[in-house]
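Enquirer: Numbering-wise (this note's numbering), the sequence shown opens with residue 166 and increments by one.
A virtual CB, placed ideally from N, CA and C, is assigned to each residue, including glycine.
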Amino acid sequence: MEILVLFATLFLLIVIGVPVGFAIGGATIIALYYCTDLDMVITAQYCYSGVNSFTILSIPFFMLAGSIMSTGGIAKRIVAFAKSLIGAVTGGLGAVAVLASCFFGAISGSGMATTSAIGGMLIPEMRKEGYDVPYSTTLICFAGTVGPIIPPSISFIMYGVVTGTSISDLFIAGVFPGLLMGLGYLVMNWYMSRKYGFGTVTVDEVKEKTKRHVLNRLKAVGKATWEGKWALLSPVIILGGIYSGIFTPTEAACVSVVYSVIVSLFVYREMTLKDIYRVMAETAVLNGITSFMLAYSTVFSTFLNFAQIPTQIYEAIIGFTDSKVVFLLIVNLVLLVIGCFVDSVPAMVVMAPLLLPAAESFGLNPVHFGIIMSVNLAIGLSTPPYGCNLFVGTAVGRIKMESMFKFIPPFFVTAVVALLLITFVPQISLLFLS
């Protein structure tokens, strides 16, 4: 009865357009009131305990760092560095978009921030080079899905908070899966560019450029590396500090904010105090939404455990199959569908406590399962109808989403192939944790 009331109410509230945070909270309160005799004051108590966490502080700081880097010139220099490396191959600017997204994802931890920052700089450039704008936008939207996988990652932090899994281990485990997705998008961009003639470079042109311009190319790489050295140091400082144990993920988030402010204000001098106020105000609003959702997710998780709903789901799955392979395929299918309609943060908050007990019963490592969930929901950022990266991309590219539908399937298939490899080859995620 409890599971029916909870999820029927949650589904109804989302369908009628209630914001997800309010839907989670409202469904939980209604289920608590009608299905239990618990004192309703516990909702306030658990909401407070849900956000009163040192670990959760990392979320707004990573959001703020990404906004500052996008505004203060750091993201621009990352793009310039990527362009110097691979800008002269077939589909060169598309490859630059993917590589720059990998670099920026290692700073911001957010898919939408990555799509906005990289798309804002490269979509106009790709238009000038003859790329179809819907293609450019689609590519950058999918490249933005690498942002929540390459650490630091807000999705990993949310999963770690709601399941008690080590966030540092999740960060370590996310490196190769993120790079694998990026590599897949690079290959697909090369194929699509050859097919449609975007940024095509012939064999003769490659030979000519190799003979005449190899020295100039090396000089360009050296110049871009030197000019972007402070930007390129950002992921080294952030991830190096976490992996070496010098500071925690939360401390790393604070370091990234301080570092990005110093570089943007005093080194690149492309940000003013007025800009800092603006990005802080925008981040405060976004963090308010996330914190509200996380607060009620704690009440939601508490009710799930009280009603033994994870146990009921586990028993239902066991009754259907005792195969780990089938279980993983079902999980992937369910999460891909959910990702089409729900943002990755609330989806992680709702689904992780439900699915992890069943996953552990099949012998899955909690860290590996967290990577699987994060990749699934990251793909959802670029799948219609509710793909946040798509909304950002269409705004930046000034196009209608329907114009992208032609190009979404090839990149979606690429992402799913990477997902299946990550799912069924655990060592891709757990290599450095074994």
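1) Where residue 520 and residue 485 are concerned, what is the direct C-alpha to C-alpha distance, given to the nearest angstrom?
2) Tell me which same chain residues have a C-beta within less than 8 Å of the C-beta of residue 531, skipping the five on either side of it?
3) For residue 272, count the other beta carbons within 10 Å of its own beta carbon; 16 or more makes it buried, fewer makes it exposed. Which is it?
4) What's the gap between the Cα of residue 308 and the Cα of residue 280?
5) Determine contact between the region 531-542 and the region 200-207, defined as no fewer than three beta-carbon pairs at a distance below 8 Å.
6) Answer with buried or exposed for residue 220, where buried requires no fewer than 16 other C-beta atoms within 10 angstroms of its C-beta.
7) Can you check whether the CB of residue 425 is closer than 8 Å to the CB of residue 230?
8) Within the same chain, show all residues whose beta-carbon is closer than 8 Å to that of residue 193, passing over the 5 residues directly before and after it, in chain order.
9) Rank 429, 417 and 234 by C-alpha distance to the C-alpha of residue 448 and give the top, closest one.
10) Can you give me the C-alpha to C-alpha distance between residue 355 and residue 323, rounded to a whole angstrom?
11) By Cβ distance, which residues of its chain are closer than 7 Å to residue 333, with the 5 residues on each side in sequence left out?
12) Whose C-beta lies closer than 7 Å to the C-beta of residue 393 among residues of the same chain, with five residues either side of it excluded?
13) Pick helix, strand or coil for residue 359, following the three-state DSSP scheme.
14) According to the neighbour-count rule (16 or more other Cβ atoms, all chains shown, within 10 Å of its Cβ), is residue 487 buried or exposed?
15) Under a three-way DSSP split, which group does residue 452 fall into?
16) Assess, as a yes-or-no matter, whether the region 254-265 is touched by the region 450-458 under the definition of 3 or more beta carbon pairs within less than 8 Å.
17) Excluding the five sequence neighbours on either side, which residues of its own chain have a C-beta within less than 7 Å of the C-beta of residue 386, listed in chain order?
18) Specify, as a first and last residue, the run of the alpha helix (DSSP H) that residue 596 falls within.
19) What runs of the alpha helix (DSSP H), each 4 residues or longer, lie entirely inside the region 531-572?
20) Tell me whether the region 536-548 and the region 507-515 touch, counting them as touching only if at least three CB pairs, one residue from each stretch, are closer than 8 Å.
21) What number of angstroms, rounded off, separates the C-alpha of residue 553 from the C-alpha of residue 527?
22) At which residue ranges does the region 256-334 contain complete alpha helix (DSSP H) runs of 4 or more residues, listed in the order of the chain?
23) My understanding is that residue 258 touches residue 296, with C-beta atoms under 8 Å, so please give their C-beta distance in whole angstroms.
24) Since I believe residue 420 is in contact with residue 402 (beta carbons under 8 Å), could you give me their beta-carbon distance rounded to a whole number of angstroms?
25) Which ranges would you report for the alpha helix (DSSP H) in the region 177-241 if only whole runs of at least 4 residues count?
26) Measuring only between beta-carbons, confirm whether residue 180 sits less than 8 Å from chain D.
Expert: Reading off the structure:
1) 15 Å
2) 328, 330, 521, 524 and 525
3) Buried.
4) 7 Å
5) With contact defined as three or more Cβ pairs closer than 8 Å, the region 531-542 and the region 200-207 are not in contact.
6) exposed
7) yes
8) By the criterion of a C-beta distance shorter than 8 Å, residue 193 is surrounded in its chain by 171, 208, 461, 464, 465 and 468, once the five residues flanking it on both sides are discounted.
9) The candidate whose alpha carbon is nearest that of residue 448 is 234.
10) 34 Å
11) 407 and 414
12) 242, 243, 245 and 246
13) Looking at residue 359 - three-state DSSP - the assignment turns out to be helix.
14) exposed
15) helix
16) Not touching, per the Cβ criterion.
17) Excluding sequence neighbours, residue 386 sits near 249 and 250.
18) It is not in any alpha helix (DSSP H) - residue 596 carries neither H nor E in the DSSP assignment.
19) 531-545 and 553-562
20) yes
21) Going by the C-alpha atoms only, they are around 32 Å apart.
22) Assignment of alpha helix (DSSP H) within the region 256-334, counting only whole runs of 4 or more residues, yields 257-273, 276-293, 298-308 and 319-328 in chain order.
23) 7 Å
24) 7 Å
25) 185-200, 206-216 and 223-236
26) Among the chains of the structure shown, chain D does not appear; only one protein chain is present.
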